[in-house]
Amino acid sequence: MHCTATWPEAISTGAACRAAGEQGAAQSLGRKGQLLLLLASLLVLPLLPVAGQAPAAKPARGARPARMPKKATLAPIAAAPVVTSGLPPVWQPDLGDGTYQNPVLNADYSDPDVVRVGNDYYLTASSFSSLPGLPILHSKDLVNWELLGNALPELPAAFRLPQPGNGVWAPALRYHNQQFYLYFPDPDRGIYVTRARNPAGPWDKPTLIKEAKGWIDPCPLWDDDGRAYLVHAFAGSRAGIKSVLAVSPMTPDGLHLFGDDALVFDGHAEHPTIEGPKLYKRHGYYYIFAPAGGVPTGWQTVLRAKTVFGPYEARIVMDQGKTAINGPHQGAWVDTPDGQENWFLHFQDRGPYGRVVHLQPMVWQNDWPVIGTDPDGDGRGQPVLRYRKPRVPGPPVALAAPPTSDEFEGVALGPQWQWPANPQAGWAMPNGPQGYLRLYAQTLPADFKNYGLVPSRLLQKLPAETFTATAKLTFVPRAEGEQVGLIMDGLDYAYLSVSSNKGRWSFALATCRNTDQLTLETSTVPVRISAPASGLVYLRVAVRAGARCRFSYSLDGENFEEIGEAFSAREGRWIGAKMGLFCSRVGRTNDAGYADVDWWHVTQLLE
741 MHCTATWPEA
751 ISTGAACRAA
761 GEQGAAQSLG
771 RKGQLLLLLA
781 SLLVLPLLPV
791 AGQAPAAKPA
801 RGARPARMPK
811 KATLAPIAAA
821 PVVTSGLPPV
831 WQPDLGDGTY
841 QNPVLNADYS
851 DPDVVRVGND
861 YYLTASSFSS
871 LPGLPILHSK
881 DLVNWELLGN
891 ALPELPAAFR
901 LPQPGNGVWA
911 PALRYHNQQF
921 YLYFPDPDRG
931 IYVTRARNPA
941 GPWDKPTLIK
951 EAKGWIDPCP
961 LWDDDGRAYL
971 VHAFAGSRAG
981 IKSVLAVSPM
991 TPDGLHLFGD
1001 DALVFDGHAE
1011 HPTIEGPKLY
1021 KRHGYYYIFA
1031 PAGGVPTGWQ
1041 TVLRAKTVFG
1051 PYEARIVMDQ
1061 GKTAINGPHQ
1071 GAWVDTPDGQ
1081 ENWFLHFQDR
1091 GPYGRVVHLQ
1101 PMVWQNDWPV
1111 IGTDPDGDGR
1121 GQPVLRYRKP
1131 RVPGPPVALA
1141 APPTSDEFEG
1151 VALGPQWQWP
1161 ANPQAGWAMP
1171 NGPQGYLRLY
1181 AQTLPADFKN
1191 YGLVPSRLLQ
1201 KLPAETFTAT
1211 AKLTFVPRAE
1221 GEQVGLIMDG
1231 LDYAYLSVSS
1241 NKGRWSFALA
1251 TCRNTDQLTL
1261 ETSTVPVRIS
1271 APASGLVYLR
1281 VAVRAGARCR
1291 FSYSLDGENF
1301 EEIGEAFSAR
1311 EGRWIGAKMG
1321 LFCSRVGRTN
1331 DAGYADVDWW
1341 HVTQLLE
């Protein structure tokens, strides 16, 4: 059977990228900010021997991953939002000397898929129940990436509360017939597709093209004869089967599946937990790139056949080898516009830091890909940490990175911010002309155990191994027990909060372990002070190697007082830890206190 249905009407078309272009001008950095910027520009790694200067074989001409035209007619691409604070990013993959360092995206962009359209590259990733979801990133060189926005503003109504690990699993992004197609699975509902003429949006309301439980990781292919197909995997937790891949016929418009779903590969014997398939065609062969062996310690498998339904032969084309890059897991093949170079982007699971994205060189040998470098010549590559940048046309590409810091000078939230459930009106109200974001105190449930199921947490990904995140805000409580906090979120979490009590402020560090088991928080003894008339306070978390976090507060922005012991951040359900802010209260009245967030700065960790 096949099923066609529209996404819930609650989603408003075009809401995906409201934040694009709405950020205001950057604030002046001041002398300290200028010095930090100068230091950042000098922190380039010493020139090391670059792996793979002479590839084993010249990449084949004519490769067309995802069968994208070299020339495409697109609507103008909206300018990507910038880091409005003007602060330099805390991780820069482009080393400025013609080389790059991995990861090229040092943040949790799990299950990346990439497509090239002309001279432009676009990347999407899993977003699970974080919203807005399905991020859309843009690059000219596969190294410097900007965040255009998000394609999915909402999930079905059932996601009014967090559902860690559910929602949007591994997506696929393709360009066909002058528009972008974005396929994504909900393992409990089925396979969806949304389309857009412009990758920055607006994106259509998602359409359910297959109602199925346990179908995951879809990827389409439009063949030379006009026929279309969809490959997918199975989630054992829902479907009751795993480690197999299947292909379904699809209508040329990409909106319906028909006919039988055919089993094309069983990986139980040699490629267990095979998943995340990406379907391509090259030189008369159909290829399925798919990771196997599990996320932490698996490898990249490639399947090859002369017909789309097989039989497929299998080969491991990259594994960890002698490197420290575990996994290396699910990703995508793209070429350069001239067809002379081939590249592969994949993720590495780094625990609390999430699934970060690496870029690997790729060559073709006897119609098999070899990913990374192959020092022993056995056809099985291993990842690189540093390599020369892809050779792409045009002027040198400017340094870029997804935004982290925010001055809150726009009339919409920046695209780096997400909620753990469907966002609701009144949680956060940008006030761009006055340069702040207002967070109203949200009522905690009567049976509150911990913040794991509280949806009104404003969060973003961790951007590097070490950094400092500081929020400058004004706290205006209106009732006893209201609080504002800076949280390091995950299956374990910790937050530094300031709460009101009889005209005084209390600072405390709360921690919670195994939030999914509804465990209770513990807290340090509060530090009580007279509430400052201005209501101004700075909250900070410093993250050191190993995701060790120390929390501190300040009333003047200069002198910070640490509270509690170091906290080890922990990943969430299929995602890395996240950091951000919340404002809450116990009980309900006809009015609420709030916190006006002046800015959020993510900077290099200075000891």
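According to the numbering used here, the stretch in the sequence shown is residues 741 to 1347, in order. The C-beta atom is built at its ideal place from N, Cα and C for all residues, glycine as well.
When only Cα atoms are considered, Leu1003 and Ser983 end up about 11 Å apart. With fewer than 16 neighbouring CB atoms inside 10 Å of its own CB, Ser977 falls in the exposed class. Residue state for Tyr1191 is assigned as helix, using DSSP reduced to three classes.
Around the CB of Ser1239, 16 or more other CB atoms lie within 10 Å, so the residue is classed as buried.
Between the C-alpha atoms of Leu871 and Leu892 there is a straight-line separation of about 7 Å. Taken in chain order, the unbroken stretches of beta strand (DSSP E) that lie wholly in the stretch 853–905 and span 3 residues or more are 853–857, 860–864, 873–879 and 885–892. If you draw a straight line from the Cα of Leu1153 to the Cα of Gly999, it comes to about 44 Å.
Distance between His1023 and Asn1106, taken at the CA atoms: about 11 Å. Per the coordinates, the alpha-carbon of His996 lies some 10 Å from the alpha-carbon of Ile931. Under the DSSP assignment, Arg978 falls in the alpha helix (DSSP H) whose first and last residues are Gly976 to Ala979.
DSSP places Val1103 inside the beta strand (DSSP E), whose first and last residues are Arg1095 to Gln1105. The Cβ atoms of His1098 and Asn842 sit closer than 7 Å to each other. Listed in chain order, the non-local C-beta contacts of Val1216 below 6 Å within the same chain comprise Gly1275, Gly1333 and Tyr1334, local neighbours out to five positions each way being set aside. Beta-bridge partners assigned by DSSP to Gln1182: Ser1324. The beta carbons of Val1342 and Ala1209 sit about 5 Å from each other, so the pair counts as a contact at 8 Å. Between the C-alpha atoms of Ala940 and Met1169 there is a straight-line separation of about 23 Å.
Membership of Leu1236 in the beta strand (DSSP E) is indicated by the continuous run Tyr1233 to Asn1241. With fewer than three CB-CB distances shorter than 8 Å, the stretch 861–879 does not count as touching the stretch 1110–1127. Note on the stretch 961–1026: whole beta strand (DSSP E) runs with a minimum of 3 residues are 968–974, 984–990, 1002–1006 and 1018–1022, in chain order. For Asn1082, the enclosing beta strand (DSSP E) starts and ends at Asn1082 to Asp1089.
It is roughly 8 Å from the alpha-carbon of Trp955 to the alpha-carbon of Arg929.
Relative to Ala952, the option among Cys959, Arg1218 and Pro925 whose CA is nearest is Pro925. Residue range Tyr1334 to Thr1343 is occupied by the beta strand (DSSP E) that includes Asp1338. Judged by their CB atoms, Asp1089 and Pro1017 are not nearer to each other than the 7 Å cut-off.
Rounded to the nearest whole angstrom, the C-alpha separation of Arg1280 and Ile1303 is 10 Å. Exposure of Val1265 is indicated by the presence of fewer than 16 other C-beta atoms within 10 angstroms of its C-beta. Counting C-beta pairs with one atom in each stretch, the stretch 1121–1130 and the stretch 1144–1160 have fewer than three that are closer than 8 Å, which means they do not touch. Between the alpha carbons of Gly1320 and Pro1051 lies a distance of about 49 Å. One Cα belongs to Arg1253, the other to Phe1247, and the distance between them is close to 20 Å. Under the Cβ criterion (8 Å, minimum of three pairs), the stretch 1067–1082 counts as touching the stretch 848–859.
The beta carbon of Cys1323 is closer than 6 Å to those of Leu1179, Ala1181, Val1224 and Ala1335 in its chain, skipping five residues each way along the sequence. Here the stretch 1229–1237 lies against the stretch 1303–1319, with 3 or more beta-carbon pairs under 8 Å apart. Arg937 and Asp993 have their C-alpha atoms spaced approximately 14 Å apart.
In the DSSP assignment, Phe1207 falls within the beta strand (DSSP E) that extends over Phe1207 to Val1216. When DSSP states are grouped into helix, strand and coil, Thr1255 belongs to the helix group.
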